[in-house]
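Chemist:
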């Protein structure tokens, strides 16, 4: 075909550009000419309605698709409601964490001028450490404060925005104007300005804008100041200092390492241009602990994260220096996983039994471990009829499940209330390394806290407190969690005892006084030593009784509240604790799963044959058979020997009925699978051998 005809066929004759490097060939539909215009699609309202319906039902029906739409919508609505409350708590914690440093930075920006800084640029050094996201929140709230009071604004400058001085100045000027006027206001300011036209990086533009708006403070924040070129930073700061008499600049430098390391990178001439104050943002670890405590120990909590999920979240946070926002996103993923994939989570919405899918939902309840444990407890306690009713009657089971979900939620609230009491007491009893609330929660969720050494040491140390330390401890205890304990009576008795013996303070218990004495007796010319207790003063005896009452009340309280969450009936509805769910999601291990499936295929496959007699059997998939033979070989595998062994496995069980051609086809297919997994490759030493590239477990 000639070139002109080829262009006509490919529809390239309309584009004669000499610089065209590639063409997209889209063949026309049969029966339709190239010049025919496409048919316009008629807009219909049903598409919009279908989109809204799909958006309203994000969750899919569970229980093999037999869950009704009402239950599906209840799960979605319950997730949105619970997480919205948790998100509000998280935002309030983040605002509270930033409140202190925000007040200090705002006061510094308002009070400092070039005159108070000896002609230098007022500069704030903000060290953020691992909490890198806190600087963004701080600058955003600082900008809102300045804008609301018509004092000025904050311009955030990234290292990528500063390739050279002219571009940096242009970005600064544009950001200052668009911060209040928007992009349209920026272009209008450039066009409506009278006088000679200035370039986009001329600071006279910024000076005119500052005069027009009456700006008092203009904060220039370098978010990642260590990433800036020191020479560029020196030139920029020198230029800003020369304009201080006309533009009220204040500089904030975000530092991720330390002030000493940052100053070591800058020239002395650059450091001499700056004078100000150092601010330190709270570490991310403490912020994460506060977020976790608010999520788990809230007074209106309906759902909790179990020990496995909590351990995974905290491990990733501590290992990878994740920000509080990243931790919140992971928690949200856990919440969403629970409501999206667990049909029992519909019970958290306090549903009416009439709206639920009785048969399939009750069948799912009867297959939970907590249901089996609950029925066993009923039978052992002498109530087999109740267990029979739960097994046979859906209405009875559904009502019992709804009641026990509420009881279990109350038990979980009391559990975390007890963990909060222990944490408050440990602030006074632990003198060295303090145990954080997340570690206590992991132990409490595993059921090990009631018999842990931490609790025993805390109570033992509490017995040795004098009256002053004991008074401070009683005042620090959370009153809401100890309403049913005689704490007020103990506090009143201690106060009256202290008032009576005001001249003999502090009072000490027998556990704090060396009350043991050595007694010497002579029996038949032999000296015998015996240990006994000395007589304590009456005030110390009374104080010891108060200490014993307090410790005894704590022991009863902890024995009642520090439960095993996995032993609660229907804990699957309000406790998300699947085995390594997030770890498998964020750090999957496909190789481990493939190796296990090939080495032990009947861990995943159902077979009626007795597989205990022979490890390798024709009942297994061909790839699994070849893989197990591959494991028994060395680094180099002879293909012919491997084939003979593979054929022997089939021949030993099928005998004369074994089809060699069929077995060879299975062999080639299995060998191709091992090649695709990267387990074998051709050997360069011997052409008839395979090289082993993967060893199991390594």
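Residue numbers (UniProt numbering): 1 to 698. Glycine included, every Cβ here is placed at the ideal spot set by N, Cα and C. Because the structure is a prediction, the values reported are computed rather than measured.
What do you reckon, are the CB atoms on residue 573 and residue 347 nearer than 7 angstroms?
Modeler: yes
Chemist: Whole beta strand (DSSP E) runs in the region 184-267 with 3 or more residues, listed along the chain?
Modeler: 217-222 and 249-255
Chemist: I'd like to check one pair, residue 565 with residue 455: are the Cβ atoms closer than 7 angstroms?
Modeler: The answer is no: Cβ separation not under 7 angstroms.
Chemist: Rounded to whole angstroms, how far is the Cβ of residue 323 from the Cβ of residue 441, which I believe are closer than 8 angstroms?
Modeler: About 21 angstroms separates the two Cβ atoms, so there is no contact after all.
Chemist: Going by the beta-carbon positions, is the gap between residue 253 and residue 125 smaller than 7 angstroms?
Modeler: Residue 253 is a Cβ neighbour of residue 125, given a cutoff of 7 angstroms.
Chemist: Rounded to the nearest angstrom, what separates residue 537 and residue 487 at their Cα positions?
Modeler: 25 angstroms
Chemist: Can you look up residue 425 in the DSSP assignment and give me helix, strand or coil?
Modeler: helix
Chemist: At 3 residues or longer, and completely inside the region 117-146: list those beta strand (DSSP E) runs for me, N to C.
Modeler: The qualifying runs are 121-127.
Chemist: When the distance is taken between beta carbons, is residue 498 closer than 7 angstroms to residue 467?
Modeler: yes
Chemist: With a CB to CB cut of under 6 angstroms and the five nearest residues on each side skipped, what residues in its chain are close to residue 276?
Modeler: 122, 123 and 124
Chemist: What ranges does the beta strand (DSSP E) occupy inside the region 261-316, keeping only unbroken runs of at least 3 residues that lie completely in it?
Modeler: 274-280
Chemist: In angstroms, rounded to a whole number, what distance separates the CA positions of residue 246 and residue 207?
Modeler: 7 angstroms
Chemist: With DSSP collapsed to three states, give me the class of residue 45.
Modeler: Since pLDDT at residue 45 reaches only 49, below the 50 mark, its modelled position is unreliable, and the value read off the structure follows with that caveat. Three-state result, residue 45: helix.
Chemist: Taking residue 571 as the reference, which of 680, 230 and 338 has the closest Cα?
Modeler: 338
Chemist: May I have the straight-line CA-CA distance separating residue 680 from residue 690, to the nearest angstrom?
Modeler: Straight-line Cα distance between these residues: approximately 6 angstroms.
Chemist: Can you give me the Cβ contacts of residue 494 inside the same chain, cut-off strictly under 6 angstroms, excluding the 5 residues immediately before and after it?
Modeler: 546
Chemist: Closer than 8 angstroms is the cut-off here; do at least three beta carbon pairs connect the region 165-172 with the region 199-219?
Modeler: yes
Chemist: Use the C-beta contact count for residue 107: other C-beta atoms within 10 angstroms, 16 or more gives buried, fewer gives exposed.
Modeler: Here residue 107 is exposed. Its C-beta has fewer than 16 other C-beta atoms within 10 Å.
Chemist: In whole angstroms, what is the alpha-carbon distance linking residue 502 and residue 548?
Modeler: 21 angstroms
Chemist: Short check: CB of residue 477 to CB of residue 491, under 7 angstroms?
Modeler: no
Chemist: Does the region 60-80 come close enough to the region 343-361 that 3 or more CB-CB pairs lie under 8 angstroms?
Modeler: Yes: at least three Cβ pairs fall under 8 angstroms.
Chemist: I believe residue 313 touches residue 331 by the beta-carbon criterion, under 8 angstroms. Please report the beta-carbon distance rounded to the nearest angstrom.
Modeler: 7 angstroms
Chemist: Does the Cβ of residue 404 have 16 or more other Cβ atoms within 10 Å, making it buried, or fewer, making it exposed?
Modeler: buried
Chemist: Which value, in whole angstroms, describes the spacing of the CA atoms of residue 79 and residue 349?
Modeler: 9 angstroms
Chemist: Would the region 223-239 count as touching the region 267-276 if we require 3 or more Cβ pairs under 8 angstroms?
Modeler: yes
Chemist: Whole angstroms is fine: what's the gap from residue 214's alpha carbon to residue 150's?
Modeler: 8 angstroms
Chemist: Label residue 259 either buried or exposed according to how many other C-beta atoms from any shown protein chain fall within 10 Å of its C-beta, with 16 as the threshold for buried.
Modeler: exposed
Chemist: CA-CA distance, residue 335 and residue 83?
Modeler: Taking the straight line joining both Cα atoms gives about 8 angstroms.
Chemist: Closest to residue 287 by C-alpha separation, out of 274, 318 and 301, would be which residue?
Modeler: 318
Chemist: Within the same chain, show all residues whose beta-carbon is closer than 6 angstroms to that of residue 282, passing over the 5 residues directly before and after it, in chain order.
Modeler: 97
Chemist: Could you pull the start and end residues of the beta strand (DSSP E) that residue 692 belongs to?
Modeler: Counting along the chain, the beta strand (DSSP E) containing residue 692 begins and ends at 689-692.
Chemist: For residue 62, does the three-state DSSP call read helix, strand or coil?
Modeler: Three-state DSSP puts residue 62 in coil, outside helix and strand.
Chemist: Following the continuous beta strand (DSSP E) through residue 153, name the residue where it begins and the one where it ends.
Modeler: 152-157
Chemist: Specify the secondary structure class of residue 683 as computed by DSSP and reduced to three states.
Modeler: coil
Chemist: Short check: CB of residue 353 to CB of residue 398, under 7 angstroms?
Modeler: yes
Chemist: For the putative contact between residue 660 and residue 618, defined by C-beta atoms under 8 angstroms, what is the C-beta separation to the nearest angstrom?
Modeler: In this structure residue 660 does not touch residue 618 by the C-beta definition: roughly 14 angstroms separates them, more than the 8 angstroms allowed.
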